[in-house]
Structures are given as structure tokens and as C-alpha cells.
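Numbering (the working numbering), first residue to last: 1118 to 1321.
Built from N, CA and C at the ideal position, the CB exists for glycine as well.
The structure displayed is predicted, hence computed values, not measured ones.
Read the structure below first, then the notes.
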């Protein structure tokens, strides 16, 4: 099986589609950028790897977990070659890897998905996972993708500004209990200071 799939050279295939972020259904941002836009990443209990769900009412994106180890690249690479050769209209693995390549654009994206248990990292360094998906997606020639509707839903959610404001507020000031307590204490102190200043002015 390893003879079927070979790792591509750096300049073997064009990367324009992924680099520009274009595909049928529009654009999709990386995992970290989606998080900052208010998307909540949750690991799904669904055992069907390709079944991703996005709930626009609460911003939850549920993704089944993927274990990444030394056999992942050759296993999925061979499936992708097999699909494109014999089932070009049903390239489920290719579509899935293409989606993951969008989500994983940096080491920070890998760290986020690992923390959410969406990726089980058995390769070691997050950079190794980033490089793995970069190599896999170079074998994919995209005309359409079964996740196009998901892309559009995520983009529509991202377009609502207050989703991002709420997410940034939570990430910056309420990401841990201590940050939350400190933020509330600061607000209370500011309010008391304002009340004291107003009382001082009234008494003049």
C-alpha cells in the first residue's frame, strides 16, 4: 500500500486554492480564527469520522476525534488515491482532509484541536501534524466539496459581529476563573470610584 501513496515535493502541485481560501461555498477560516469569531469546538461522540455538525443557534461545531500517528499519512493518502481513481464522485476522504487542511493552518490551530480532544496527537510535536495535513492536501484537486454547506454556515455565523465580540470578551477576560474574578473586581472598583467621584461633586 505504501507504494501507491508518495509524499509530494514542496513544489509538486499548485496550492492556489487553499492559499487563497477559495472553494465552492466561499471561504473558511482556520480553527483559531473561527474560535475568535465565536465558534465553539466540541468533540463529537459520532463514530462516523466524516460527520461534522454545526449548530448556528449556539455556535457549536461538533467534530469526531481523529487519532494521528505514524500510520495516518500513508493510510489516508492511499484512501485518497483510491477514491480519486475509482470513485471520483464520492471522494469522502479527500473532502474531509481538505476541510481539516483549512482548519489547521498553524501550530496554534493544532493546539486548539488537541485541547478540545478533536485530534489525538500521537506524533509528538504539533508542527508534525501541521506538516502532515499540508502534505496530504496537495494531492487534492478541488472542484466541489461535500462540506460546502458547512462552510457557508460557518461563514454566515462569522459575519455576525457580536458573536466575535462575545468570544473575544470570554477569551480575554473570562478564559479562567481567576481572570473572571479579576475582571469583575476591576469593574466593581471602577463603579465604586465613579460613585465616589459623583458624590464628591454633589457635596460641593
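- The three-state secondary structure of residue 1160, taken from DSSP, is strand.
- Taking the Cα positions, residue 1229 is about 13 Å away from residue 1178.
- Annotation: the region 1203 to 1244 contains the following complete segments of the beta strand (DSSP E) (minimum length 3 residues), in chain order: 1236 to 1238.
- Under the three-state reduction of DSSP, residue 1257 is assigned to coil, being neither helix nor strand.
- Taken atom to atom, the span from the alpha-carbon of residue 1202 to that of residue 1186 is near 25 Å.
- The three-state reading of DSSP puts residue 1170 in strand, counting E and B together.
- In this structure, the alpha-carbon of residue 1234 lies about 23 Å from that of residue 1270.
- The C-alpha of residue 1149 lies about 28 Å from the C-alpha of residue 1303.
- Note that the C-beta distance between residue 1218 and residue 1250 is below 9 Å.
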